[in-house]
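Let me begin by presenting the structure, written as structure tokens, before commenting on it.
Protein chains: 2
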Amino acid sequence: MSNTRVLPLLEPVGAEAVAPCCPPLTERPFTAEEAETAARMFKALGDPVRLRLFSAVASHEGGEACVCDISDVGVSQPTVSHHLKKLKDAGLLTSERRGTWVYYRVEPSVLAAMGRLLTIAPAAS
Amino acid sequence: MSNTRVLPLLEPVGAEAVAPCCPPLTERPFTAEEAETAARMFKALGDPVRLRLFSAVASHEGGEACVCDISDVGVSQPTVSHHLKKLKDAGLLTSERRGTWVYYRVEPSVLAAMGRLLTIAPAAS
DNA sequence: TGTCTATGTTGACGTCTGTCGAATCAAGTG
DNA sequence: CACTTGATTCGACAGACGTCAACATAGACA
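Residue numbers (the UniProt record's numbering), protein chains in the order written: chain D, 1 to 125; chain W, 1 to 125.
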């Protein structure tokens, strides 16, 4: 029901390892290596179908959804599978087969890292 | 050239107020229209060269830099111009010619809207 | 076993994208 | 004016991308 705000991915904000690939975009110019890493993630979300799939998974109850629940995005089933694979390869989703269905789940740390990239916070820490 | 243009990511709702194009990715599944808008922005940052250029501008003094200061990213000058144009078309940068040089500047509100997309925190900001 | 449903993989096709060299435009200087 | 430097546009090309139909695979169930 209330899947807003109670997602498991918003819990870890304390002192957990979040794999900080890069500093905020506004902190200093990215190196070529940092840009390569970060661009891979942005690129994965740079397609409308993938963005809808990712959003569908992320907003689903428990931050997890089976393909059957999110595959109504206007493209064929193989295309859905193709995009889910891309999101998985980009490290944004993980998948797990449980019986008949395959469940996809967001990677909270990556989402947090991406959000930090776009943070304008001075963060003089 | 023009410094005031309608940014794709923001919908003007008043004199100065702007509203984000989309809710956080985790709030609810994106509609096709929202995904189209947001994906355009992610796509613009989905290239390493563009990401470096954007980061270079965003981290430069005053959030502004001339092309001559940021064009050392390993590609030819036409390619740099090509990518800057893409970032501009995506609404992430604005440009202005002052004498000999052309200065690019980040759009803070757009950056904030992007960050909000990836924010898991509740809306009570 | 066999069949049905749910996903993933393969191969192919048209389109988009990143890149460069050359030409062009814009502004300053002599 | 001609000349130089900074920046964009043009034309072309190789490679990547999104899409689908067809096929393959995994599990459930009779």
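From the three backbone atoms N, C-alpha and C, an ideal C-beta is built for every residue, glycine too.
Cβ closer than 8 Å: which chain W residues qualify as neighbours of D47 (chain D)?
A39, K43
Nearest-angstrom beta carbon gap, D47 (chain D) and A39 (chain W) [assumed within contact, 8 Å]
6 Å
I want to see whether chain D comes within less than 8 Å of A90 (chain W), judged by CB atoms only; does it?
no
Close-in-space but distant-in-sequence residues of the same chain around W101 (chain D) (CB under 8 Å, 5 per side omitted):
C66, V67, C68
Hey, is G74 (chain D)'s beta-carbon within less than 8 Å of any beta-carbon in chain W?
yes
Anyone know if the C-beta pair for L118 (chain D) and E107 (chain D) falls short of 8 Å?
no
Contact set between L84 (chain D) and chain W, taken where Cβ atoms lie within less than 8 Å
Residues of chain W passing the Cβ test: none, with the nearest at roughly 15 Å.
Minimum Cβ-Cβ distance from S109 (chain W) to chain D less than 8 Å:
no
For chain D, is any of its Cβ atoms less than 8 Å away from the one on G115 (chain W)?
yes
Alpha carbon to alpha carbon, how far is R27 (chain D) from E27 (chain W)?
The residue you asked about is not Arg; residue 27 (chain D) is Glu in the sequence shown. One C-alpha to the other measures close to 28 Å.
Count the C-beta pairs between the segment 29–37 of chain W and the segment 54–63 of chain D that are closer than 8 Å, then say yes if the count reaches three, no if not.
yes
According to DSSP, simplified to helix, strand and coil, what is residue 132 (chain W)?
Lying before the first or after the last residue shown, residue 132 (chain W) is absent from chain W, which here runs from 1 to 125.
Residue burial classification, E34 (chain D) (beta-carbon count within 10 angstroms, cutoff 16):
buried
Using beta-carbon positions only, say whether R116 (chain W) and E64 (chain W) come within less than 8 Å of one another.
no
Return the CA-CA distance between Q77 (chain D) and D72 (chain W), expressed in angstroms with no decimal places.
43 Å
Which residues in the same chain have their Cβ closer than 7 Å to the Cβ of I70 (chain W), if we skip the five residues on either side of it in sequence?
L53, A56, V57
Consult DSSP for P24 (chain W) and reduce its assignment to one of helix, strand or coil.
coil
DSSP puts R105 (chain W) in a beta bridge; with which residues?
W:E64, W:T94
Span of the alpha helix (DSSP H) holding F30 (chain D)?
F30 (chain D) -> no alpha helix (DSSP H), and no H or E assigned at all.
Helix, strand or coil: which one does DSSP assign to T79 (chain W)?
helix
If you measure from the beta carbon of R28 (chain W) to each beta carbon in chain D, is any gap under 8 Å?
yes
Could you pull out every residue in the same chain whose Cβ sits closer than 7 Å to the Cβ of K86 (chain D), ignoring the five residues on either side in sequence?
A44, R50
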